[in-house]
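A.B. asks: Residue numbers (the working numbering), protein chains in the order written: chain F, 14 to 172; chain B, 50 to 387; chain C, 623 to 778. Structure in structure tokens, see below.
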Amino acid sequence: MMASKQKNMTPEQQKYQQLQQKHEKKRPVLKNCIRAFFVGGLICAIGQAISYFYIYFFNFTEQSVGNPTVATMVFFSMLLTGFGVYDRLGQFGGAGSAVPVTGFGNAVISAAIEHRTEGFVLGVGGNMFKLAGSVLLFGVFAAFVVALIRTVLSIWGVL
Amino acid sequence: MLKGHQSWVFQNKPMISATGVTGGPFEANGNLANDFDLLYEDLWMGQESYEKAHRILLEEAIKIALDKANIEKEKIQFLIAGDLINQITPTSFTARTMQIPYFGLFGACSTSMEGLALASFIVNYHGAQNVVTGASSHNAAVEKQFRYPTEYGSQKPPTAQWTVTGAGVGIIQPNEPGKKNPVTISATIGKVIDMGLTDPFNMGGAMAPAAADTIMAHFRDLDLDPSYYDLIITGDLGRVGHDTAFELINKSGLKLERNQFQDCGILIYKDDQPVQSGASGAGCSATVLYGHLLNEMRKGTYRRILLVATGALLSPLTFQQNESIPCIAHAVGIEMNN
Amino acid sequence: MHNTYRFIILMSVILLVSCNQDQKAKDSQLALVKTTNPPPVVTDGHKGNDQVEKIKQDVSSFPELYDVAVVKGKKAILVAYKVKHLHRFKMKKIEKNVTKMLEKKYPKEKFTVSSDYKIFLEVVRLDEKMRSSSKFNHRDAEKRFNEIVKMTEDIK
């Protein structure tokens, strides 16, 4: 990928890019990883606490507690997004705040807030999934492919 | 008057008689808050949408400038302005409100200097008596169009830049000797330079060669030495692009001092504001020039400056289609009238 | 940034204080963090049922498990247990082995086996209730037992 890109460039462009890279500040990968670890861990710990809350005080088992927990986490994420906190958390925590379900909630809700001014149908409705839509599409598609492979294998008697 | 290949010299020295500068809440916390005429507490500015707020920024800036110059808007011949939003609607809608004959410009973040160069040219050759020129941008409206939703929690790399919420306009009039006003003396129109960079989160790096090219062309065309100017200031290169441009220029043989070469995008915010590499947006160079820099010139800090506004001519569509980022820079020389 | 740190500190203080409040917490409240080791329960009240004790020991002998709770109802026996953290990936296999072992050893009984924490918790609560409240009679216990068994079936 990188090599084919390089080929299409003039020598002048390549020379400049080398010079430019010297000045370009790199993402602090290690620092970001550590932050993501703690922010992601904190979010998951809160999620775990919520799921035990539901187990203790409501009639949910470990298997069925997932749904209400996710709903609660997304609700919190909605509040934080609306109050303008989640984007700062995202800048600090990176993947740690993007990977848990709260990040998915944030992607949907931020788009919905953003396009509120264009009306409910074409604005909110049409743009709500502009970030999360591809996650849904490819998630469902990947699940379909895996299920297909599993079905074929079990018909053959491998599994 | 054309001089050299791509530069104008304004021998009649049109003057910038009054300016109006508005900003948002983030700028109010910034380094240059005192140089803004009007600062809004809220990003919405009392409007229902960020696009309308964007329009208000420019309208108010123009009104302030007209008040300061003590001139009615009917006396203004032309409005030359632009912004970053699709089809530059905030500026065009402002022109609808103001009812001033209007040239809409798009030069991305270089619009401010494109407008100032054209306005000076028109006034220099008696094409108009009073011209309003300027540029504006609104952080949320621009981010919405070019990047992710404002509240989306994505992690920006250290090369990313923060779009300025603000508008800066100036009124250009024919020179009146004896008046202590800044005047435009020359302009260099840049050509589009594309060094093949594709990362929209590294605009500074993409725009640096355009800035360097225009600066070198300026000194070549006008046959000047960089020491002619007290300050050479780029529009919105940010820390990454500014360092790169400095190296490019010095490699070419032009002798440029480090403290003589600055960047509006670095100046406008404080170091502890979370803007990564610096500021950007059409409003960046416009607010810093018409606010801070001209105030400093009136105070006597600088006698002669060269402002090089840089623009990245990309659209959300082109970078999604993996096109590289073409960039442009325009320079205008300004000095104090003696 | 400062506010974030303050918030984190505040949350940890709240957490610590709330943990300290009731020292004499019931077993069921602490079942999450400590090994409860509840005594086997028989819903019709015949204490000292050797068979139930035996089942508990048999299941406890699995090295992957800790904390086993057994309830014997009229028609079935419920076995709930906690799996050691590092073995939780093999939970399905462990459940299969436990069931197989029990069915082989006690072919006459009908077993319901679960590693779900909720089931374990409810068993501990049932035990506490039977011991502490005199109003809670055998019929109530049997009814609750059946509800718990039904809950395990819902999972599957």
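Here a beta-carbon is modelled for each residue, glycine too, at the ideal position from N, C-alpha and C.
(1) With distances taken between CB atoms, is the gap from residue 213 of chain B to residue 284 of chain B smaller than 8 Å?
(2) Under 8 Å, do residue 746 of chain C and residue 693 of chain C count as touching if we go by C-beta distance?
(3) Any idea what DSSP makes of residue 109 of chain F, helix, strand or coil?
(4) Give the DSSP bridge partners of residue 284 of chain B, in chain order.
(5) Which one of B:165, B:102, B:147 has the shortest CA to CA distance from residue 218 of chain B?
(6) Report the neighbours of residue 292 of chain B on chain F: residues whose CB is nearer than 8 Å to its CB, in chain order.
(7) Could you tell me which of B:255, B:305, B:299, B:343 sits nearest to residue 329 of chain B, measuring between CA atoms?
(8) So what's residue 383 of chain B in DSSP terms, helix, strand or just coil?
(9) Which of the residues in the stretch 104–137 of chain F, read from start to end, lie with their CB under 7 Å from any CB of chain B?
(10) Could you name the residues of chain F that residue 738 of chain C contacts, counting a contact when the two beta carbons are closer than 8 Å?
(11) Please state whether DSSP places residue 645 of chain C in a helix, a strand or coil.
(12) Go through its chain and collect everything with a Cβ distance to residue 109 of chain B's Cβ below 8 Å, but skip five positions before and after it.
(13) Mind the definition here: the stretch 299–306 of chain B touches the stretch 368–380 of chain B only if three or more C-beta pairs lie below 8 Å; say whether that holds.
(14) Is residue 354 of chain B near residue 282 of chain B, with beta carbons less than 8 Å apart?
(15) For a cutoff of 8 Å on Cβ pairs, would you count residue 244 of chain B as touching chain F?
(16) What did DSSP end up calling residue 197 of chain B once you bin it into helix, strand or coil?
(17) Please classify residue 234 of chain B: is it buried, with 16 or more other beta-carbons within 10 angstroms of its beta-carbon, or exposed?
(18) Give me the Cα-Cα distance between residue 364 of chain B and residue 80 of chain F, rounded to the nearest whole angstrom.
(19) If you drop the 5 nearest sequence neighbours on each side, which residues of the same chain put their C-beta closer than 8 Å to that of residue 764 of chain C?
(20) Expressed to the nearest angstrom, what Euclidean distance is found between the alpha-carbon atoms of residue 137 of chain B and residue 707 of chain C?
(21) To which residues of the same chain is residue 167 of chain B closer than 6 Å at the C-beta, ignoring the five residues directly before and after it?
(22) Can you list, in chain order, the residues of its chain whose CB lies under 7 Å from that of residue 28 of chain B, leaving out five sequence neighbours each side?
(23) Report the start-end ranges of each alpha helix (DSSP H) in the stretch 701–774 of chain C that is 4 residues or longer and not cut off at the edges.
(24) If you pair each beta-carbon of the stretch 107–124 of chain F with each one of the stretch 44–55 of chain F, do three or more pairs fall below 8 Å?
(25) Contact defined as beta carbons within less than 8 Å: I believe residue 247 of chain B pairs with residue 325 of chain B. What is the distance between those atoms, to the nearest angstrom?
(26) For residue 199 of chain B, decide whether its Cβ has a neighbour in chain F, counting only Cβ atoms nearer than 8 Å.
(27) Once you ignore the five residues that flank residue 157 of chain B on each side, which residues in its own chain have a CB closer than 6 Å to its CB?
(28) Taking residue 68 of chain F as the query, report the chain C residues whose CB atoms sit under 8 Å from its CB, ordered along the chain.
(29) Does residue 252 of chain B come out as helix, strand or coil in the three-state DSSP assignment?
(30) May I ask you to list the residues that DSSP assigns as paired with residue 436 of chain B?
(31) Select from the stretch 694–726 of chain C all residues with a C-beta closer than 7 Å to any C-beta belonging to chain F, and list them in chain order.
(32) Starting from the beta carbon of residue 91 of chain F, find every residue of chain B whose beta carbon is closer than 7 Å, and list them in chain order.
(33) What residues from chain C crowd round residue 65 of chain F, counting only those whose CB sits closer than 9 Å?
(34) Spell out whether any CB of chain B is found under 8 Å from the CB atom of residue 139 of chain F.
(35) My understanding is that residue 201 of chain B touches residue 144 of chain F, with C-beta atoms under 8 Å, so please give their C-beta distance in whole angstroms.
(36) Since residue 310 of chain B is in the beta strand (DSSP E), which residue starts that stretch and which ends it?
C.D. replies: So, from the listed chains and residues:
(1) Counted from its first residue, the second sequence places residue 213 of chain B at position 164. Counted from its first residue, the second sequence places residue 284 of chain B at position 235. No, these two residues do not count as a Cβ contact at 8 Å.
(2) Your numbering for residue 746 of chain C matches position 124 in the third sequence. Your numbering for residue 693 of chain C matches position 71 in the third sequence. Cβ atoms of residue 746 of chain C and residue 693 of chain C: not closer than 8 Å.
(3) If you number the first sequence from 1, residue 109 of chain F lands on position 96. The answer is helix: DSSP assigns residue 109 of chain F an H, G or I state.
(4) As a first step, residue 284 of chain B must be located in the second sequence, where it is residue number 235. DSSP lists no partner for residue 284 of chain B.
(5) Taking the first residue of the second sequence as position 1, residue 218 of chain B is located at position 169. Ranking the options by Cα distance to residue 218 of chain B, first place goes to B:165.
(6) Taking the second sequence and counting its residues from 1, one reaches residue 292 of chain B at position 243. What residue 292 of chain B touches in chain F: 36.
(7) The residue given as residue 329 of chain B occupies position 280 in the second sequence. Ranking the options by Cα distance to residue 329 of chain B, first place goes to B:255.
(8) Here residue 383 of chain B refers to the residue found at position 334 when the second sequence is read from its first residue. Strand at residue 383 of chain B.
(9) 104, 107, 110, 111, 116, 119, 120, 123, 124, 126, 127, 130
(10) Sequence index remark: in the third sequence, residue 738 of chain C carries index 116 (1-based). Within chain F, the residues near residue 738 of chain C are 74, 75, 76.
(11) For the purposes of this step, residue 645 of chain C is identified with residue 23 of the third sequence, where counting begins at 1. Caution is warranted here: a pLDDT of 49 is assigned to residue 645 of chain C, below 50, making its placement in the model unreliable, and the coordinate value is therefore given only provisionally. In this structure, residue 645 of chain C counts as coil in the three-state DSSP scheme.
(12) Position 60 of the second sequence, counted from the start, is the residue given in the question as residue 109 of chain B. The answer, listed in chain order, is 69, 71, 87, 216.
(13) no
(14) What you label residue 354 of chain B is simply residue 305 of the second sequence in a count that begins at 1. What you label residue 282 of chain B is simply residue 233 of the second sequence in a count that begins at 1. Cβ distance < 8 Å, so residue 354 of chain B and residue 282 of chain B count as in contact.
(15) Here residue 244 of chain B corresponds to residue number 195 of the second sequence, with the count starting at 1. Closer than 8 Å to some Cβ of chain F, the Cβ of residue 244 of chain B qualifies, so yes.
(16) Working through the second sequence from its first residue, we reach residue 197 of chain B at position 148. DSSP places residue 197 of chain B in coil when its eight states are reduced to three.
(17) Your numbering for residue 234 of chain B matches position 185 in the second sequence. It counts as buried.
(18) The sequence position of residue 364 of chain B within the second sequence is 315, counting from 1. The sequence position of residue 80 of chain F within the first sequence is 67, counting from 1. Answer to the nearest angstrom: the Cα atoms are 40 Å apart.
(19) Numbered from its first residue, the third sequence carries residue 764 of chain C at position 142. The residues are 665, 666, 695, 696.
(20) Taking the second sequence and counting its residues from 1, the one referred to as residue 137 of chain B is at position 88. Taking the third sequence and counting its residues from 1, the one referred to as residue 707 of chain C is at position 85. Whole-angstrom Cα-Cα distance: 60 Å.
(21) Walking along the second sequence from the start, residue 167 of chain B turns up at place 118. The residues are 129.
(22) It is not possible to answer for residue 28 of chain B, since the shown part of chain B is limited to 50 through 387.
(23) 713–727, 739–754
(24) yes
(25) In the second sequence, counting from the first residue as 1, residue 247 of chain B sits at position 198. In the second sequence, counting from the first residue as 1, residue 325 of chain B sits at position 276. The Cβ separation is near 18 Å, so there is no contact.
(26) Residue mapping note: residue 199 of chain B aligns to position 150 of the second sequence, counting from 1. Answer yes: the Cβ-Cβ gap between residue 199 of chain B and chain F drops below 8 Å somewhere.
(27) As a working mapping, residue 157 of chain B is identified with position 108 in the second sequence. Correct list, in chain order: 360, 361, 362.
(28) The sequence position of residue 68 of chain F within the first sequence is 55, counting from 1. Those within 8 Å of residue 68 of chain F in chain C are 739, 740, 743.
(29) Counted from its first residue, the second sequence places residue 252 of chain B at position 203. In this structure, residue 252 of chain B counts as helix in the three-state DSSP scheme.
(30) Summary: the structure shown does not reach residue 436 of chain B, with chain B confined to residues 50 through 387, and so no result is reported for it.
(31) none
(32) If you number the first sequence from 1, residue 91 of chain F lands on position 78. None at all; the shortest Cβ gap to chain B is about 10 Å.
(33) Your numbering for residue 65 of chain F matches position 52 in the first sequence. Here the neighbours are 654, 739.
(34) Start at 1 with the first residue of the first sequence, and residue 139 of chain F comes out as number 126. Cβ-Cβ to chain B under 8 Å: no for residue 139 of chain F.
(35) For the purposes of this step, residue 201 of chain B is taken as residue 152 along the second sequence, with counting starting at 1. For the purposes of this step, residue 144 of chain F is taken as residue 131 along the first sequence, with counting starting at 1. Contact holds; Cβ gap of about 7 Å.
(36) To locate residue 310 of chain B, count along the second sequence from 1; it is residue 261. 310–312 is the extent of the beta strand (DSSP E) around residue 310 of chain B.
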